[in-house]
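My numbering puts the sequence shown at residues 82 to 153. Every residue gets a Cβ at the ideal spot worked out from N, C-alpha and C, and that includes glycine.
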Amino acid sequence: MSAAFKDNVKLAAAAILIAAGGFWFNMERYQKDRVATVIVRSVENVVSESSEPERLETTETRQDRNPAVSDY
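Written out as structure tokens, the structure is:
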């Protein structure tokens, strides 16, 4: 009984480690893909906005947009 229980515990620990490793590997791949997507989107925004004139944001324009929202 004790030997079978120890074998089951080892098997469960191995299964958990394999599942955790697979999850970690997939999340690493997902994060790399996500970062690449954000970089591509930011480059696309720079290219599309480069033809528009720049508008500097000042304190007055922020308050004009929504006076109820504070920066603090």
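Excluding the 5 residues preceding and the 5 following residue i in the sequence, name in chain order all residues of the same chain whose CB lies nearer than 7 Å to its CB.
i: residue 109; result: none
Determine the direct distance from the alpha carbon of residue j to that of residue i, and round the result to whole angstroms.
i: residue 83; j: residue 89; result: 10 Å
i: residue 93; j: residue 101; result: 12 Å
i: residue 97; j: residue 87; result: 15 Å
i: residue 114; j: residue 107; result: 11 Å
i: residue 85; j: residue 99; result: 21 Å
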